[in-house]
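In my numbering, the protein residues as written are 27 to 318.
Glycine is no exception: its CB is placed at the ideal position from the N, C-alpha and C atoms.
See the structure below:
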């Protein structure tokens, strides 16, 4: 298993849409990417990452977009952000109501901003980056926008012109190498761990491409409160179905989740059993190539 960070994006810009006239303007050289609604203007962000330097023969196990908040107009206001796949080519000089940017109307991933302006936001982009890499989808970038653009609320995300390069937008790819393109995986096993903090809201581990593995999730409760968890699987990384009923995980206990069938993606959902409590979990994903 290896990790590659792609930083900075080859392109990022704020897309400002004047709602009454439908006129659009791009701001490419600012140190922040504006998102939200203010004074009859909707602000969105465009980003594009170059994957052309990735070597052939990788199995991308997971991919996450990391970006930071640099300003937040109303820090106490909970704002959701959605990431969308861009489907159309566009000229930076010709974006208008007559030539809008075409996006997939189902978001690739969603996240909530934090009250902490120094905090990062992470989007699970696994299925989209996999499709970019294998040529199943054109890499035309990502559009970020507020989940609710009717609220007057503006935030700024760091751009590649931001003064601190540690907070530039980046893609984090976890991968395994294959011996040739027809192989599924050259590694015989998968052995990963996520250490998480479980609250009384449902969260989930990174979506993983486990198509060529017989696998199981083992969850160890290392905290002081009980938790519940269940396994989810998906054929496309977007539409998920529950593979198991929620299982209770007591303090100090270890519980294993084994699928009845295998499709391309899997993840484990978890939360604390009692509202208002917090606990810590160590979640292991372990398996070997089917047939070995």
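Point to revise | Enclosing beta strand (DSSP E) for residue 74 [first to last residue] | key: 67-74
Review point. Since residue 296 and residue 253 are thought to touch, with beta carbons under 8 Å apart, how far apart are those beta carbons, to the nearest angstrom?
Key: 6 Å
Practice item. Determine the DSSP secondary structure at residue 192, reduced to helix, strand or coil. Key: helix
**Study point:** Pair within 8 Å by beta-carbon distance, residue 202 and residue 247
**Key:** no
Practice item. Return the chain-ordered list of same chain residues with a C-beta closer than 7 Å to the C-beta of residue 244, the five sequence neighbours on each side being excluded. Key: 280, 282, 310 and 312
Practice item. Assign residue 39 to buried or exposed, taking buried as 16 or more other Cβ atoms, counted over all protein chains shown, within 10 Å of its Cβ. Key: buried
Point to revise | Coarse secondary structure for residue 87, derived from DSSP in three states | key: strand
Practice item. Give me the Cβ distance between residue 168 and residue 91, rounded to the nearest whole Å; I'm assuming they're in contact under 8 Å. Key: 7 Å
**Study point:** Residue interval of the alpha helix (DSSP H) (run including residue 305)
**Key:** Run containing residue 305: none in the alpha helix (DSSP H); it sits in the beta strand (DSSP E), 305-315.
Exercise for review: Compute the beta-carbon to beta-carbon distance between residue 163 and residue 150, rounded to the nearest angstrom, for a pair I have assumed lies under 8 Å.
Suggested key: With 8 Å as the limit, residue 163 and residue 150 do not qualify as a contact, their Cβ atoms being about 16 Å apart.
Review point. What are the boundary residues of the alpha helix (DSSP H) that residue 156 is part of?
Key: 152-160
**Study point:** Spatial distance of residue 257 from residue 31 (CA atoms)
**Key:** 28 Å
Review point. Which first and last residues belong to the beta strand (DSSP E) in which residue 253 is found?
Key: 253-260
Check your understanding: Buried or exposed: where does residue 78 fall if 16 or more other Cβ atoms within 10 Å of its Cβ makes it buried?
Key -> exposed
Review point. Just how far apart, CA to CA, sit residue 89 and residue 71?
Key: 19 Å
**Study point:** Delimiting residues of the beta strand (DSSP E) encompassing residue 244
**Key:** 239-247
Check your understanding: Does the beta-carbon of residue 45 have 16 or more other beta-carbons within 10 angstroms, so that it is buried, or is it exposed?
Key -> exposed
Practice item. Taking residue 199 and residue 93 to be in contact with their CB atoms under 8 Å, please state how far apart those CB atoms are, rounded to whole angstroms. Key: No, residue 199 and residue 93 are not in contact; Cβ-Cβ is about 15 Å, not under 8 Å.
**Study point:** Beta-carbon spacing of residue 96, residue 184 below 8 Å
**Key:** yes
Check your understanding: Should residue 52 be labelled buried (16 or more other beta-carbon atoms within 10 Å of its own) or exposed?
Key -> exposed
Point to revise | DSSP three-state assignment for residue 97, whether helix, strand or coil | key: strand
Check your understanding: residue 205: buried (16+ other C-beta within 10 angstroms of its C-beta) or exposed?
Key -> Only weak support exists for where residue 205 lies, its pLDDT of 43 falling under 50; the value from the coordinates is given anyway. That one is exposed.
Exercise for review: Find out if the Cβ-Cβ distance for the pair residue 160, residue 314 is shorter than 8 Å.
Suggested key: no
Practice item. Have a look at residue 274 and residue 147 and give me their C-alpha separation to the nearest angstrom. Key: 29 Å
Review point. Helix, strand or coil for residue 50 per DSSP?
Key: strand
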